[in-house]
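Protein sequences, first through last, are from chains A and B. Per my numbering, the first sequence starts with residue 8, numbered consecutively. Per my numbering, the second sequence starts with residue 8, numbered consecutively. All C-beta atoms in this analysis are idealised placements derived from N, C-alpha and C, irrespective of residue type, glycine included. One structure below.
2 protein chains.
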Amino acid sequence: MKVTILQSNIAKVLGTTSRVVGSRTTLPVLSNILIKAEKGKIKFSATDLEVGITTGTIGKVDEEGEITLPAKLLSDFVMNNKDESIEIKTEGTAAELKSSHFEAKIQGIAAEEFPTIPEVPNAEPIIIDKSLFVESLKKVAVAPATDETRPVLAGIYMVIDDDNLTLAATDSYRLAEKKIKLKSKFASVKMIVPSRTINEVLRILSGKSDAEIKIISADSQISFLIGDTHIASRLIEGSYPNYVNIIPASSKITVKTKHSELVSAVKMSSLFAKDTANNNVKMMVGKSDLSILSAASQAGSAKSKIEAEVSGGELGISFNARYILDFLNVISDDKVTLQFNDGTTAGVFRSEKDPDYVYIIMPLKLES
Amino acid sequence: MKVTILQSNIAKVLGTTSRVVGSRTTLPVLSNILIKAEKGKIKFSATDLEVGITTGTIGKVDEEGEITLPAKLLSDFVMNNKDESIEIKTEGTAAELKSSHFEAKIQGIAAEEFPTIPEVPNAEPIIIDKSLFVESLKKVAVAPATDETRPVLAGIYMVIDDDNLTLAATDSYRLAEKKIKLKSKFASVKMIVPSRTINEVLRILSGKSDAEIKIISADSQISFLIGDTHIASRLIEGSYPNYVNIIPASSKITVKTKHSELVSAVKMSSLFAKDTANNNVKMMVGKSDLSILSAASQAGSAKSKIEAEVSGGELGISFNARYILDFLNVISDDKVTLQFNDGTTAGVFRSEKDPDYVYIIMPLKLES
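Following this line, the structure appears as structure tokens:
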């Protein structure tokens, strides 16, 4: 293989691919990026066996071929290089890199040892507006379980039904659900996408100017297509819990408060809650205010009081402070709405701007 | 004690003091900040037993007294607090903190358990222009030893002789020396200041607008006074090596090159040098260019070539890349001058802008 690529173009494709590379992997080739030159097109691929990314760039192809090179060393060489273009020429399983000021020889691994990244399935794609998809994914991506005790909970549940897309995630302590109206109808499908994959999709989308994303699923695989970048991932097998019953149908007490003030109040009390199990803070809904108390710990205790519009009565209820902050971090409202029935049933957290989003937190046992 | 202080003022004094606090300390009171209210003045102090910092702020003193409070929790409470002022009231060894939205009770430790920070010695201060002192300290603070094998090398050597101040540091592999002309004559003194102290002084000076710094030393202690902030430190005992003989009196070969190009070239080759002991890179001085080669390692090798004005002949010499980058990072010249005699004696690195600064690196053994 012999190719010449603009430094800025290699930097871009390495930025897209190199994060997927496993750093503590037992299979050395997974630390490498696959570079493949074929029919005037140069493709860069990386995979950690769960998620695979392939993206293309233009360049001069003098000789077709392929090789895998260590992602870290290749990225360091390219990012530190301010020359206009870089030539990559293979010599067995090594590559010579040349630009006007710099030369390097990097030892690689034969392309044959690189795992196959699944092709894009030959099926009808679901087309979604990119910025709506990103905004929606972020709102649910805070909620999946981070451990693998129940594998299905470590994913984002995606349901397509006609022109409705529902995204949901829960770690069984809190739940986030977001509904999206699509521009046209698509075949019904239910998928559980690993949250690791969703985080990669979000990262890559944030650097792309494309207006749309295409999603294609088949045979327990899912593909996300953004321009000429393809993210392929396995789906999580199993059936997602029927979470809809957890969302309270009605609420007695409604509390409206300023977003920024609630953030400060919860943060402040959670500083003192760190010692206690579950990062426990207690909300006291008053007649026209909301107090956040930290459970007293050895280090001390704190109390924050903010103004609130309250209807339906007073209440005391305890939550994990981190779950409240996760919700507050993903919405951009000036005001937020909290809904409760009593101190032992789920609290409902809502964004006024986005009525199609709901966030539920299970209360902690009230301390006596 | 009962005091009320503006939030912005507490934030400022905690910023100055709280970095000195030991986090993994076996003496719990060292994790605390001492707050002392006396005669309408409020003082905050922190110490790790080597360096002690005391700084003052204004506030309303309703009741004199003192207490120590955990630096981390106190800082978190103050930094997250956007209210205008905070009241601190002691109750035994605890303190109640109150502002318009927040209340906290923080458990502290009695002030009597806090170590004494030495008073400012009653001697004539040396007065130095602040920005000149900062710029000069930075240029030598890269060179002291980071281990304690030879305690004197873990410090910055400061020599006052009439109106001359000399700063020097060496870890025995490289040496930095900077001379400063003072505005008046002072009594002669030689001191070795722990580099930990110098780093604190630099950090604190960077946030201060004062034009001058005062230095007072007595009884193997040194005090730095900046406005109403006092940094007290022990001095390192022992005699500093007679380093002057290490600086080559003359050089056969002179190389002038662009600062930015040398930075890129050394960085690039050092990427590949990481595997090799000592971060070894080889400089090849040509007729009108300078090449930087990495020693070939398992991962690969690199070569960078930049233009240079060379006089006195060609040469090959090996250095630890990090030592070269340390020099390049502290100077702000467009061009740098390198001087050599042969491949086995010290290389001299100079800034054109600052003829009073010299940086020496001992070469590594050339590989055959």
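Chain A contact for residue i (CB, 8 Å cutoff)
| i | result |
| --- | --- |
| B:SER52 | no |
| B:HIS108 | yes |
| B:PHE279 | yes |
| B:PRO370 | no |
| B:PRO35 | no |
| B:PRO158 | no |
| B:SER38 | no |
| B:SER271 | yes |
| B:PRO125 | no |
| B:PRO77 | yes |
Candidates the options: closest to residue i by CA position
| i | options | result |
| --- | --- | --- |
| B:PHE84 | B:PHE193, B:ALA44, B:ASN286, B:ALA102 | B:ALA102 |
| B:ASP217 | B:LYS137, B:SER301, B:THR100 | B:LYS137 |
| B:THR75 | B:GLY99, B:GLU57, B:ALA161 | B:GLY99 |
| A:ILE222 | A:SER213, A:SER325, A:PRO248, A:ILE205 | A:ILE205 |
| B:GLU316 | B:ILE338, B:ALA302, B:LYS342 | B:LYS342 |
| B:ASN88 | A:ASN252, A:LYS274, A:LYS372 | A:LYS274 |
| B:SER195 | B:GLU131, B:MET8, B:THR54 | B:GLU131 |
| B:LEU144 | B:LEU209, B:LEU335, B:LYS46 | B:LEU209 |
| A:VAL147 | A:LEU371, A:PRO370, A:VAL10, A:VAL365 | A:VAL365 |
| B:LYS185 | B:ARG329, B:ALA118, B:ASP361, B:ILE368 | B:ASP361 |
| A:LYS294 | A:GLY320, A:VAL270, A:ALA309, A:SER277 | A:GLY320 |
| B:HIS237 | B:ILE124, B:VAL10, B:LEU297 | B:ILE124 |
| A:ASP234 | A:VAL27, A:GLU119, A:ARG181, A:GLY63 | The residue asked about is misnamed: residue 234 of chain A is Gly in this sequence, not Asp. Nearest C-alpha to A:GLY234: A:GLY63. |
| B:ILE253 | B:ASP90, B:LEU189, B:TYR180, B:GLU71 | B:TYR180 |
| A:LYS112 | B:SER304, B:ASP349, B:GLY323 | B:SER304 |
| B:PHE5 | A:VAL166, A:ASP340, A:GLU110 | Since the first residue shown for chain B is 8 and the last is 375, residue 5 of chain B is missing from the structure and cannot be characterised. |
| A:ASP154 | A:ARG203, A:THR173, A:ASN171 | A:ARG203 |
| A:ASN249 | A:ALA175, A:GLY66, A:LEU297 | A:ALA175 |
| A:MET8 | A:ILE134, A:ARG357, A:ALA118 | A:ALA118 |
| A:SER240 | A:SER276, A:ILE187, A:ILE163, A:SER339 | A:ILE163 |
| B:SER298 | B:ASN285, B:ALA306, B:SER277 | B:SER277 |
| B:ASP363 | B:LEU139, B:ILE95, B:GLY22, B:LYS19 | B:LEU139 |
| B:ASN286 | B:VAL262, B:LYS259, B:LEU172, B:ASP333 | B:ASP333 |
| B:SER311 | B:ASN171, B:VAL292, B:ALA78 | B:VAL292 |
| A:ASN348 | A:ASN327, A:VAL337, A:GLY323 | A:GLY323 |
Cutoff 8 Å: residue i Cβ touching any chain B Cβ
| i | result |
| --- | --- |
| A:LYS263 | no |
| A:MET275 | yes |
| A:SER257 | no |
| A:ASP361 | no |
Opposing strand residues paired with residue i [DSSP bridges]
| i | result |
| --- | --- |
| B:THR54 | B:GLY59 |
| A:MET86 | Beta-bridge pairing links A:MET86 to no other residue. |
| B:LYS265 | B:LYS342 |
| B:SER311 | A:PHE109, B:ILE299 |
| B:GLU103 | B:LYS96, B:LYS112 |
Outcome for residue i when other beta-carbon atoms lying within 10 angstroms are tallied against a minimum of 16
| i | result |
| --- | --- |
| B:ASP226 | exposed |
| A:PRO392 | Residue 392 of chain A is absent from the model: chain A starts at 8 and stops at 375. |
| A:LYS50 | buried |
| A:LEU371 | buried |
| A:VAL28 | buried |
| B:ALA183 | buried |
| B:SER52 | buried |
| B:LYS46 | exposed |
| B:GLU359 | exposed |
| A:GLU70 | exposed |
| A:LEU160 | buried |
| B:GLU244 | exposed |
| B:LEU104 | buried |
| B:LEU56 | exposed |
Review point. What residues in the segment 302-314 of chain B have a beta carbon less than 7 Å from any beta carbon of chain A?
Key: GLN305, ALA306, GLY307, SER308, ALA309, LYS310, SER311, LYS312, ILE313
**Study point:** Proximal residues, the segment 81-115 of chain A versus chain B, C-beta separation under 8 Å
**Key:** ASP83, PHE84, ASN87, ASN88, LYS89, ALA101, HIS108, PHE109, GLU110, ALA111, LYS112, ILE113, GLN114
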